[in-house]
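A short worksheet on the structure shown next.
2 protein chains.
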Amino acid sequence: MGSKTKRITSQDVANCAGVSRTTVSFVLNNVEGFQISPETRQKVLEAAEQLGYVPNSAAQTLASRRTRAIGLVMTRSPHHIASDSFLPQIIGGLLKVTRQQNLRLMIEQVSAEHQSQAYLELARAKRIDGMILLTPRMDDEALRVLENAEIPAVLMGHLEGSHLPSVDVDNRAAAEQAVLHLISLGHRKIACITNAPASYTAAPQRVQGYLDALNSAGISPNPNLIRYADFDPESGFERMNSLLQSREAFTAVFVASDNVAMGAKAAIREAGLRVPDDISMMGFDDIPWSKYADPPLSAVHLPAEALAQQACVMLLDLIQGQSPAEKHLNLETELIVRKSCRAL
Amino acid sequence: MGSKTKRITSQDVANCAGVSRTTVSFVLNNVEGFQISPETRQKVLEAAEQLGYVPNSAAQTLASRRTRAIGLVMTRSPHHIASDSFLPQIIGGLLKVTRQQNLRLMIEQVSAEHQSQAYLELARAKRIDGMILLTPRMDDEALRVLENAEIPAVLMGHLEGSHLPSVDVDNRAAAEQAVLHLISLGHRKIACITNAPASYTAAPQRVQGYLDALNSAGISPNPNLIRYADFDPESGFERMNSLLQSREAFTAVFVASDNVAMGAKAAIREAGLRVPDDISMMGFDDIPWSKYADPPLSAVHLPAEALAQQACVMLLDLIQGQSPAEKHLNLETELIVRKSCRAL
DNA sequence: TTATATAGTTAACGCGCGTTAGTAAATCGC
DNA sequence: GCGATTTACTAACGCGCGTTAACTATATAA
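Protein sequence lines correspond, in order, to chains A and B.
This note's numbering applies: residue 78 is where the first sequence begins, and numbers increase by one.
This note's numbering applies: residue 78 is where the second sequence begins, and numbers increase by one.
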C-alpha cells in the first residue's frame, strides 16, 4: 500500500505471467479468434489479480478510439440546475444503464454563449463516445452543427425538423389529456403556466395541448390566462401572482411542471385561496414530491427514468454504428389523479 | 463538415503553420521557459483556429498524466439517487467550479457490494484526477483503503477518525440549534426522525444534537420518539405513521431532512392532524421547495452549493500537490424560521 | 578572434494499450 | 516422412500528445 509503488501496466502482468503483452491483452479483453490455452489464460488472470492490475483508460481510449463514456449535456445555467427536481431521476436512470454496461457518465453544462463550439469540442476531444442532450432549445444553432457531424447524440425532448434521434413523450397529447380532465370536472375558465420559456420545445407543445383541449370542448382560449414560467418554483410563484392580480377569473390552472406548480400553489395560498377549493391545479411531470404535496398533486406522470434509460440505449446503438430501431421514440405518459382538482 | 474528414492532430497544425509539432504544443499550452517569437505564435494560433483543432484528451492524459476531470462518487442506489432533492444543488455547485477551471465532471455510483475495489479502480484507471465522496458511511471499509492510497479525495460529510480532507457542517450543533428553537417555543415532547440510517454519519450526529438540546433544557429524551428514516419521502411517511401509532405524545418533530419531512408531513395530514396547529415541524437542509411548502417549512439551511464548491476547491489543491489550507472545513448553517412551528 | 550566452526551434522518446502480421511448434493427411 | 494445416503465441507498429535534450544561428563578453 506504499505510495511510491509504480503504476502497474499490462507489461508487468505479462512479465509476471511469463507471456507477452499481446497475450495479456487478448485474455483480458476476451478477444475472439485467437486461441489461448486454458492454462495460459489462467496464468494471466492470476497475475493480473495478484498485481491488482487496472488498465489505464487513457491508453485504452487512445489505442481503441473508444472512451467508454457518455455525456449528459445540459444547456441550463448552474443556478437552474440546482433547483431541477427532474435531474436526479434522469441521472438515476442513466446510471442504471451505464453501470450495467460498464460505461462512465460525464455531466456537461454548456452555456448559451459558446454553444456553437461546445458540442463539437466535447466529442472531438474524445472525452465521450456520444452524448445525451437535455432540454434542447429551438434556437440552438449548435445542434444543427451536430446533425451534420459524425457524433452520436440523442435528444431528450423533441426538436422540430431535427434528424437527431430523440426520446420524448407526446407533450401535446399529455397536456391535452390533463386539461380535458379539468374540463370533464366542469372547469371552463382554465389558466395555464408553462414549464419553461417558449424557446424550450416542450413549453409550446404543452401549451398547444392545453389549447387543443379547450378548443375541442368548444371553449375559446383566453390569452390572458397563459404565463410562461422559467423552470423553478420562484417563477411559478411570480406567474401565479401575475394571474391572480390580472383579475381574470379562472377556476383551475394547468401548470406544465410540478416544480413550477409548487411555487404557484404557494402563491395561491398566500393570496388566501385554497387548492382545490378555490382553484383546481393540474401538474405535469409527477416528481417524487407531488404525491406528498398538500393536497397531493394530480399530474401527468412523465416516465423520467425510462426516458433516460431509453435515451442511453439508443445512444449505445448509435455508438456501435447501428441506427436505433426507432428514430423518434415516444414513451407513454399517464394521468395520475390525486386530490388537487375538484368538480365544479 | 463532411463526415469523412480525418481527425485533425497537432501534426496537421504544425504542417499548416510550417513549424514543428513541439512548437505547436508549446504555443497552445503556453509553456513557460521557451521563447517563441510573436510571429510564430501567431502563425500557430491561426493554423489551429483555421483547422478547428481540438486536442485529443486521451492523448493529453496519457502524456501528461492528468485527466483534468474529477469524479463525484455516490454510494447510494440509483433508486435513492432519483429522489435526492439535494443532488441538483451539489451538481450545480460543482459545475460552477469545474466550468471555470475547465475541468470535466464525472458521476460515479459505487454499489455496496464491490465498494472495496471500486474507489481504487476509479482512480487507478486514470479516468479522474481525484474524487469527491458523497454521504460516506461509517462502515465503508473501502474508504480506509483510499486513505492509504495516493489518490486525491475529499469527503462531503465527516467520518470519525478519517484523515481524508472533508467539507461539512457541524451537524450536531445545527440540529441542537433547531431543537432548541422548538424548546424555546415551549415544546417539551419532541420527536425526531433522522435523514438516513445510522450508518450514514450525519444521522447520528444530528440525533446527538437533538439529544443535547433536550438535555441542556433538562428534558430527558424519550427513545420511543426517535425513528431512523431512509432519505426519501416514503420513509418519512412511514416513520411518522409509526410515531403516530405508537401513542407516544409529542407536540413537535425534528425531521433531519426536508426531503423526509415532506413525507412525514403528508402522514400527519392523512392522520387528520395539522402542521403547525397540532404538531410543529422543524426540517433540515432547506431544499428549494421548503420555502414553498404548506406551511413553509422552518429548517436549518445547509449551504449545499457552497459545500460542493469548497469540496471542489480543496480537491483541486490536493491534485496540485498542495495540502488544503484547512483539512476539515466546517461551513456555517443558518436557522430559517418560517411557519411550521408554533409556540405552545 | 575565440569563448559564451541566449533566442528560437526541433528530433526523438515515452505515456500504456489495441491490433495486425507474422513465427514457431504441434498435428494432420496421405 | 514431407508438405499442409492448425494451434499458440509474439514482435512491432501506431494511437496523439507532452517533454527533454540538443541543435542552429545570432548576440555578447573576454
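By construction, the Cβ of each residue, glycine as well, lies at the ideal position given by its N, Cα and C atoms.
Owing to the predicted nature of the structure, the values given are computational and were not obtained by experimental measurement.
By the DSSP assignment, the beta strand (DSSP E) with residue i in it spans what residues?
{"i": "Gln-166 (chain B)", "result": "That residue, Gln-166 (chain B), is in no beta strand (DSSP E); its alpha helix (DSSP H) goes 164-177."}
{"i": "Gly-148 (chain A)", "result": "146-151"}
{"i": "Ala-230 (chain A)", "result": "230-233"}
{"i": "Ser-154 (chain B)", "result": "Unbroken run through Ser-154 (chain B): none, as it is neither H nor E."}
In terms of DSSP beta bridges, what is residue i paired with?
{"i": "Asn-407 (chain A)", "result": "A:Asp-245"}
{"i": "Cys-269 (chain A)", "result": "A:Ile-303, A:Phe-331"}
{"i": "Ser-357 (chain B)", "result": "B:Ala-329"}
{"i": "Ile-209 (chain B)", "result": "B:Leu-149, B:Val-231"}
{"i": "Tyr-277 (chain A)", "result": "A:Arg-214"}
{"i": "Ile-413 (chain B)", "result": "B:Ala-376"}
In the structure shown, what three-state DSSP assignment does residue i receive?
{"i": "Glu-185 (chain A)", "result": "strand"}
{"i": "Ala-95 (chain A)", "result": "For the record, residue 95 (chain A) in the displayed sequence is Gly; it is not Ala. Looking at Gly-95 (chain A) - three-state DSSP - the assignment turns out to be coil, as it is neither helix nor strand."}
{"i": "Ser-323 (chain B)", "result": "coil"}
{"i": "Asp-371 (chain A)", "result": "coil"}
{"i": "Val-121 (chain B)", "result": "helix"}
{"i": "Asp-362 (chain A)", "result": "strand"}
{"i": "Arg-424 (chain B)", "result": "The requested residue 424 (chain B) is not part of the displayed model; chain B covers only 78 to 421."}
{"i": "Gln-399 (chain A)", "result": "coil"}
{"i": "Tyr-287 (chain A)", "result": "helix"}
{"i": "Ala-226 (chain A)", "result": "coil"}
{"i": "Leu-259 (chain B)", "result": "helix"}
{"i": "Tyr-130 (chain A)", "result": "coil"}
{"i": "Val-337 (chain A)", "result": "helix"}
{"i": "Glu-237 (chain B)", "result": "coil"}
{"i": "Leu-421 (chain B)", "result": "coil"}
{"i": "Ile-85 (chain B)", "result": "coil"}
{"i": "Arg-351 (chain A)", "result": "coil"}
{"i": "Asn-292 (chain A)", "result": "helix"}
Is the Cβ of residue i closer than 9 Å to any Cβ of chain B?
{"i": "Arg-201 (chain A)", "result": "yes"}
{"i": "Phe-314 (chain A)", "result": "yes"}
{"i": "Thr-144 (chain A)", "result": "yes"}
{"i": "Asp-309 (chain A)", "result": "yes"}
{"i": "Gln-178 (chain A)", "result": "no"}
{"i": "Leu-139 (chain A)", "result": "yes"}
{"i": "Val-90 (chain A)", "result": "no"}
{"i": "Asn-133 (chain A)", "result": "yes"}
{"i": "Gln-387 (chain A)", "result": "no"}
{"i": "Pro-373 (chain A)", "result": "yes"}
{"i": "Leu-182 (chain A)", "result": "yes"}
{"i": "His-156 (chain A)", "result": "yes"}
{"i": "Glu-426 (chain A)", "result": "There is no way to answer for residue 426 (chain A), as the model of chain A reaches only from 78 to 421."}
{"i": "Ala-294 (chain A)", "result": "no"}
{"i": "Leu-412 (chain A)", "result": "no"}
{"i": "Glu-382 (chain A)", "result": "yes"}
{"i": "Met-208 (chain A)", "result": "no"}
{"i": "Lys-83 (chain A)", "result": "no"}
Using a Cβ-Cβ distance cut-off of 9 Å, determine whether residue i contacts chain A.
{"i": "Met-78 (chain B)", "result": "Residue confidence for Met-78 (chain B) is low, a pLDDT of 34 falling below 50, so the modelled location carries little weight; the figure read from the coordinates is stated next. It does; some Cβ of chain A falls within 9 Å."}
{"i": "Gln-186 (chain B)", "result": "yes"}
{"i": "Ser-162 (chain B)", "result": "yes"}
{"i": "Met-359 (chain B)", "result": "no"}
{"i": "Asp-245 (chain B)", "result": "no"}
{"i": "Ile-168 (chain B)", "result": "yes"}
{"i": "Lys-404 (chain B)", "result": "no"}
{"i": "Leu-241 (chain B)", "result": "no"}
{"i": "Pro-71 (chain B)", "result": "For residue 71 (chain B) there is no data in the structure shown, the boundaries of chain B being 78 and 421."}
{"i": "Gly-340 (chain B)", "result": "yes"}
Can you name the start and end residues of the alpha helix (DSSP H) that residue i belongs to?
{"i": "Leu-384 (chain B)", "result": "381-396"}
{"i": "Gln-137 (chain B)", "result": "134-141"}
Rounded to the nearest angstrom, how far is the Cβ of residue i from that of residue j, given a contact under 8 Å?
{"i": "Ile-46 (chain B)", "j": "Gly-234 (chain B)", "result": "Shown here, chain B extends from 78 to 421; a query on residue 46 (chain B) therefore has no answer."}
{"i": "Leu-431 (chain A)", "j": "Glu-325 (chain A)", "result": "Lying outside 78 to 421, the shown extent of chain A, residue 431 (chain A) is not represented and no answer is given."}
{"i": "Leu-180 (chain A)", "j": "Arg-145 (chain A)", "result": "6 Å"}
{"i": "Ala-252 (chain A)", "j": "Ala-140 (chain A)", "result": "That belief does not hold up - the Cβ atoms of Ala-252 (chain A) and Ala-140 (chain A) are roughly 49 Å apart, past 8 Å."}
{"i": "Phe-361 (chain A)", "j": "Ala-383 (chain A)", "result": "In fact, because the Cβ distance is near 16 Å, the residues do not count as touching under 8 Å."}
{"i": "Thr-212 (chain B)", "j": "Tyr-277 (chain B)", "result": "6 Å"}
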